[in-house]
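Chains as they are written, first to last, in UniProt numbering: chain A, 1 to 421; chain B, 1 to 421; chain C, 1 to 421; chain D, 1 to 421. Glycine is no exception: its CB is placed at the ideal position from the N, C-alpha and C atoms. Comments concern the structure below.
Protein chains: 4
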Amino acid sequence: MVDMRWQRPPFDIVRAAHAELLVSDLEASRRFYVDLLGFVVTAEEPGALYLRGYEEQVHHSLVLRQLPAAGGPAAGGGPGPARRPEAQAPDGGRHGPISPGGRGEPGAGLTSAPGQVLPGTTQGHVLPAAPPGRGLPDAAEGQVLPAVAPGQALPAAAHLAYRVAGEDDLDRLAAFFQERGCRFTWLEPGDEPGQGRALRVQDPLGFPVEFFCRMERAERLLQRFDRYRGAHILRLDHFNLHVPDVQAAYDHYKALGFRCSEYTATDPPGPDERLWAAWMYRKPNVHDVALMNGDGPRLHHLGFWVSDTQSVLRACDILAAAGWADAIERGPGRHGLSNAFFVYLRDPDGHRIELYTCDYYTGDPDFEPIRWSVNDPRRGTFWGHAAPASWFEESSRVLDLDGRPVPVEPAKLRERPQTVT
Amino acid sequence: MVDMRWQRPPFDIVRAAHAELLVSDLEASRRFYVDLLGFVVTAEEPGALYLRGYEEQVHHSLVLRQLPAAGGPAAGGGPGPARRPEAQAPDGGRHGPISPGGRGEPGAGLTSAPGQVLPGTTQGHVLPAAPPGRGLPDAAEGQVLPAVAPGQALPAAAHLAYRVAGEDDLDRLAAFFQERGCRFTWLEPGDEPGQGRALRVQDPLGFPVEFFCRMERAERLLQRFDRYRGAHILRLDHFNLHVPDVQAAYDHYKALGFRCSEYTATDPPGPDERLWAAWMYRKPNVHDVALMNGDGPRLHHLGFWVSDTQSVLRACDILAAAGWADAIERGPGRHGLSNAFFVYLRDPDGHRIELYTCDYYTGDPDFEPIRWSVNDPRRGTFWGHAAPASWFEESSRVLDLDGRPVPVEPAKLRERPQTVT
Amino acid sequence: MVDMRWQRPPFDIVRAAHAELLVSDLEASRRFYVDLLGFVVTAEEPGALYLRGYEEQVHHSLVLRQLPAAGGPAAGGGPGPARRPEAQAPDGGRHGPISPGGRGEPGAGLTSAPGQVLPGTTQGHVLPAAPPGRGLPDAAEGQVLPAVAPGQALPAAAHLAYRVAGEDDLDRLAAFFQERGCRFTWLEPGDEPGQGRALRVQDPLGFPVEFFCRMERAERLLQRFDRYRGAHILRLDHFNLHVPDVQAAYDHYKALGFRCSEYTATDPPGPDERLWAAWMYRKPNVHDVALMNGDGPRLHHLGFWVSDTQSVLRACDILAAAGWADAIERGPGRHGLSNAFFVYLRDPDGHRIELYTCDYYTGDPDFEPIRWSVNDPRRGTFWGHAAPASWFEESSRVLDLDGRPVPVEPAKLRERPQTVT
Amino acid sequence: MVDMRWQRPPFDIVRAAHAELLVSDLEASRRFYVDLLGFVVTAEEPGALYLRGYEEQVHHSLVLRQLPAAGGPAAGGGPGPARRPEAQAPDGGRHGPISPGGRGEPGAGLTSAPGQVLPGTTQGHVLPAAPPGRGLPDAAEGQVLPAVAPGQALPAAAHLAYRVAGEDDLDRLAAFFQERGCRFTWLEPGDEPGQGRALRVQDPLGFPVEFFCRMERAERLLQRFDRYRGAHILRLDHFNLHVPDVQAAYDHYKALGFRCSEYTATDPPGPDERLWAAWMYRKPNVHDVALMNGDGPRLHHLGFWVSDTQSVLRACDILAAAGWADAIERGPGRHGLSNAFFVYLRDPDGHRIELYTCDYYTGDPDFEPIRWSVNDPRRGTFWGHAAPASWFEESSRVLDLDGRPVPVEPAKLRERPQTVT
Ligand SMILES: [Ca+2]
Ligand SMILES: [Fe+2]
Ligand SMILES: [Fe+2]
Ligand SMILES: [Fe+2]
Ligand SMILES: [Fe+2]
């Protein structure tokens, strides 16, 4: 039995706000996200694109950052913002315990050749020296990434960010994570282009999570229909995470003030059921973050809101017309869970994007989470379609605060919804 | 210049939740709302229908109540729930100052013959004696409604209800209104079918506003697509009110914790501009309540959320096919203000219903209200279509806590957006 | 190389017009076609339903006929109209006249228990009479149908009908088939309810094909949007046939005056390519009949036109909501071939129905057929989705003029597009 | 009573195929048609754009030709192809041969300054030559166009073209028009870019009508969804003409083999009713040409097929977003007559374009025309919306074979459907 009671912590997380993905070929990614899907470019710099949807008034909801080519630093002087570690933390005061080995470059341990197909890598990666100057001190050169399972090493996400209601929420969140012994660091305004002061933490689940309140405003294009292209992406809606222990992840997010809208549990229902997945929200729709049983911590997908079912269908038509039909992994279809109309796409590096629309309002005080059996075929696709095995197995790795892939632990539950083999 | 700063009162209003409309022919209303638009009937009793949308898990978001026929009491023993006036209020204690003339039956002063076309009534109404037993004491029989302008007397709305987050918010709201000298009364659980304890107040703007936290759950039909009919109405979204003094109404709702998403102001922009209309929200989309310059207090329309533009078009097709094309007053079209896709319908009594979909998210901490000039033709319909004059002039009367029409005061501003004459 | 030149025979076939399917449980079929998909019932009689779409002004585009229960005649005095064998076969010979022993009852050799799931039957069926060669007289009764592959024996279709421009086209068509040695019979007006004089022939491909000109008019409900239900089925669009020799079938339809819009051929393109499938039309959209390589003669599916993509999605939502998600076999999706948006459904007996919309105009004099390689993954679903194996393997049997299943011959080509196993 | 019997002339007109519009500012027109509506540019030359829809495999369905600036020839050596007058008119007589003075430059008598708003012109135009009677020789140069009503003089259309099934249909059509005493001329292949041999005639109604069979093929972009822009225009569907005598126009088109799908007649129905409008088709949907009561001959609008209702709504959104909301004249809405979903737009010169989708199939042999009363408010817009007066009054002038505006005669019927004043 799952405890669904809502907790009210002393900070106010508003919603899932943006994510940073590492890519091996920024031009290929630009073709996918900008030319085909129609994301709006707010800013670009050597090695990075800052993107948003048509509705968003913020500088970015998606950052694409070029991985440095193998054997050298990234173009443009290094990927990612400078991190500013707390200078003083003897009493454990304003920041968490950063290990001496810390490195501040996202993906510092990752390399790629442009165009390289990253999923399916089977061996550990030799990490070159991190670039001097902007990172944390004392990194050991040539460190070998612990062996990971085949296909699990890349793609990788550098951080996931939630927006908070006020600046002081950040300080209360820092205290929250410090209590839990989590390592964290502060970003000053501008460390990430367009973003105010931010707290980055490696959360108890292993994810690189950021909290921020202020972001530079960008022109809202919601009614610039003459500029709409592609899938008519409106805004970031949610993160979906592969976690090895859904119950633990659920408890963590509940402590952050998230409520549960729907969940998947093992059969039979009752005291011995286990939580297989949970959809949790701060803004009152189905979710800001979903937690799914799987090897993790890994980022399963980013969900972007589009205005209607037609946008989802059109995205498929456009991708296929442009020769990118392979990017369509699952759907289009209607979700049982969330009721949303969706399609899952894979970007050139294998990062998974969901186009998502038409879920429902969850803000009433007596809202009760909806239970689905892991064995209900309508849970995933209401129409009964099985998901491909890749959808259950493949996810993006996440980086720690030093930019190194966080080791992946196997999923605790073996139950698995139906798949197409 | 409009002060858009957000206030945080000590109570938490969640959203616009339901409304009660008085109708002259309940079967005609059933045909419109249930048979043609597809509202779901949760419960019916002699003289009343309790309706909801497919997404709603609550007992009702719309109550239709039969007006008593002229010269006699309503079928079923009188329209509306029993009101429980505070027995003791000598010191103005737990309830507001109820005037001696108080009457407890909604629409007690209104009569109609079935099928009568109510809008356009030009004379004052002679109010018959209120039924004994359930009303408030001491009503004078045969009281004449103060003369109102042509077409302004009927239809009428009995109450508009907001949901709150907790039971104790009700008490804090009672204190809030008491401070402002507003008359109020309490409903016990079940006084209104399916509803918990509720506070009813005649607010400073003259509207009969209800606050409640608990409501009996009804089956959620969101995924019972096999039962969808008509316009695929999902849920109540907002109220739109005609108020003579928009600035005063704005200040009142701001004090209740509402934020402003968009507003219309007179030209030229600057210190002398006047607020012509304001869209205000608690749940983070464009609005729970809109305040528009006009003779008031009157209910301009109820906005119901539908899932997509197709539902709006289909509603028009269905109405026209059934011989009800006259019910389509304005649209379909795209709003400039709110960006929603919409159509306005008039029910058999002239109550106005909006089908509304696809607005946007407003929950970010730095959300800034959007200004529109009252003279911008794209403000109402983004495509530039003028609204018919009826849309600006006609509204439903509202009743006071005794069930008598609240007198209407003329709008303070004379500016008017373009109309079709 | 395929000869795509258009022939102009002396008759004018207008379009694919209707089909008759045998069903094992008429009430289950009614639930599927009428209650869920929204077909309109023009007429019903014991053991049969006559259905049409909202746009159709004809008595029926789909006839559902109850198979007699095992061991007895069908309810209502036997399924199907009385046949009137040709009194005078001009050459007294091999075609036209049906011997007294020719039964003429569709499905005469088939029985079922109500609710029986017919697909997957694995044993031969005991038939009262089976034709030697191609359905000529003097069949021995009680003959066992030659063994067919599992799942291939039932469901069965009794006839497929094309409409012609004038009554005399029927006579010219009779002459055409007589020249080719095909057995045929005439139906008098009313033999099939609502239908005028009709020619039924077992065509050279083995299909029971009917031609008629006149049909009783039914009320056109195209603008009775208030009566629309389900998938908003507008009209029959096409037949899709499994034939063992596509080239032979193509040549036959070309001789009937059909043109080719698109076709699938084996690789490599050039003189040795083989025709794997062909889409052929009389009315100027993509097809009235499609011919696909497969064991045959069998009816692969009936295609019904719906007004838009939303109707296709809604059909899936409705079926799933009603517990019929299993009826969704393939899609929704965009066809590469035809560009139509589609979904394939299986009715309670396994008959396949396609909901189909948005193909294109083919009537220009220089229209050139479009070639697809059988190995192009976008051919079937433009988005690259593989079809399930069932879609390629399972089809409805067809009956000869005596109502006995026509033997199935294996497909000539072994090439097969990608499937999900 | 209208005679709806179908005639079968000895030629085969396939469909409405393309039109040529004269524009005052080609760059403004390009912005409207190409940038905003998304027409595809097949070819351009100084002073002309050749456009098509995404589905079309033909060189053009719309030609935009720059009017020469006042006081000089058009850029690029003159608008329009060279005309080749018939060398030998068989009877040496009243038709066929164009006199030496007849120039054949479309718009030869028209001038404009770029950006000039043409509708609303109130004075007569000085024309180099205007035909007495119906466009036969010996026009006096410098003649003043007979005074026309305000707003009736411009914009102008140079020709409307129908495609025929075979080259020899052109000769049979020439004979047909010669019999009727119509002036005509031949265009050789390439005289109009991309077009084969063509017959141009000033038809008995006064319109410059062209017939052709062959046209250069252009790449079909139906499945290049990645290139779709704007309104997703697929193909030309129909012409709509203002004619002063609908009955005469109806009889003419019936003689050309057109059938009638729907018509509007005056009340009361019966022997004295008059034909107010007629929708006539060759391809089996609602129409290739509509004939409406009005001052004429004038071109009321060109109808272009779009794929779905969403395309219509999106076109409005795009135009409004780009600041062109004024281009939206009427709709979007559902037509009663034709059942199509539509919007009417006005281009920068005032030419009217309809975006049109979802009408129905008319090819059955017993199709019976549908009668509408001119007073039925659902006739125009099924939802009951009145059309603006401009929609009934304003149309594009048409040119004769010498490029001079054809005089306009007043409509015979005074009945007029409801309008918004
Ligand atoms: Ca749609
Ligand atoms: Fe960030
Ligand atoms: Fe209430
Ligand atoms: Fe038939
Ligand atoms: Fe032409």
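For Phe11/B, no chain D residue has a Cβ inside 8 Å of its Cβ, as the nearest lies near 39 Å away.
By the Cβ test, the segment 152–166 of chain A is in contact with the segment 10–26 of chain A, since at least three Cβ pairs between them sit closer than 8 Å. Scanning the segment 319–385 of chain A for uninterrupted beta strand (DSSP E) segments of 3 residues or longer gives 328–334, 341–346, 352–357, 370–373, listed from N- to C-terminal end. Phe207/D has its Cβ no nearer than 7 Å to any heavy atom of ligand 5. Chain C places a beta carbon closer than 8 Å to that of Ala322/B, counting this residue as a contact.
Residue pairing from DSSP places Met292/A in a beta bridge opposite His242/A, Ala277/A.
Against chain A, the CB of Cys358/C has no partner CB under 8 Å away; the residue lies outside that interface.
Among the residues facing chain A, Leu355/C is not included, as its CB has no counterpart in that chain under 8 Å away. In this structure Val243/C is in contact with Pro297/C, their Cβ atoms being roughly 6 Å apart against a cut-off of 8 Å. For Phe212/D, the shortest separation between its Cβ and any heavy atom of ligand 5 lies below 7 Å. Taking non-hydrogen atoms of ligand 3 into account, the C-beta of Gln195/B is found less than 7 Å away from one of them. The beta carbon of Ala165/C falls within 8 Å of a beta carbon belonging to chain D, placing the residue at that interface. Shortest Cα-Cα distance from Asp25/A to any of Trp391/A, Ala48/A, Leu302/A involves Ala48/A. Per the coordinates, the alpha-carbon of Asp169/C lies some 55 Å from the alpha-carbon of Arg346/A.
Distance between Pro68/B and Pro46/B, taken at the CA atoms: about 11 Å. Your pair Phe211/C and Val286/C does not check out as a contact, with CB atoms roughly 22 Å apart and the cut at 8 Å. Measuring C-alpha to C-alpha distances from Trp383/C to each of Gly336/C, Asn375/C, Arg352/C, Leu401/C identifies Gly336/C as the nearest. Across the structure, Gln247/D and Trp276/D are spaced so that their CA atoms are roughly 8 Å apart. Asp349/B is a Cβ neighbour of Pro155/B, given a cutoff of 8 Å. For Phe207/A, the secondary structure class from DSSP, reduced to helix, strand or coil, is coil. DSSP, read as helix, strand or coil, puts Glu219/B in coil.
The alpha-carbon separation between Ser307/D and Ala340/B amounts to approximately 23 Å. The way I'd put it, the segment 313–329 of chain B does touch the segment 29–46 of chain B; three or more beta-carbon pairs between them come closer than 8 Å.
Around Arg172/D, the same chain offers Pro10, Phe11 as residues with beta carbons nearer than 6 Å, after the five sequence neighbours per side are excluded.
According to the DSSP secondary-structure assignment, Ala198/B is paired through a beta bridge with Leu187/B, Phe212/B. Close partners of Gln310/D in chain A (Cβ separation under 7 Å): Gln310.
Per DSSP, the unbroken alpha helix (DSSP H) holding Arg172/D starts and ends at 167–179. Proximity of the beta carbon of Ala161/D to ligand 5 is indicated: a heavy atom of the ligand is located closer than 7 Å. By a beta-carbon distance limit of 8 Å, Gln7/B contacts Lys254/B. Their separation comes to about 6 Å. Per DSSP, the unbroken beta strand (DSSP E) holding Phe304/D starts and ends at 298–306. The count of Cβ pairs closer than 8 Å, one atom from the segment 355–368 of chain A and one from the segment 211–227 of chain B, reaches three, so the stretches are in contact. In the three-state reduction of the DSSP assignment, Val406/B falls in the coil class, being assigned neither a helical nor a strand state. Put simply, the backbone Cα of Leu199/D is about 59 Å away from that of His351/A.
By the C-beta density criterion, Gly181/B is exposed, having fewer than 16 other C-beta atoms within 10 angstroms. Residues of the segment 206–240 of chain B with a C-beta atom less than 8 Å from some C-beta of chain A are Cys213, Arg214, Met215, Arg217, Leu222, Gln223, Leu234, Arg235, listed in chain order. The beta-carbon of Leu37/A is placed no less than 8 Å from the nearest beta-carbon of chain D.
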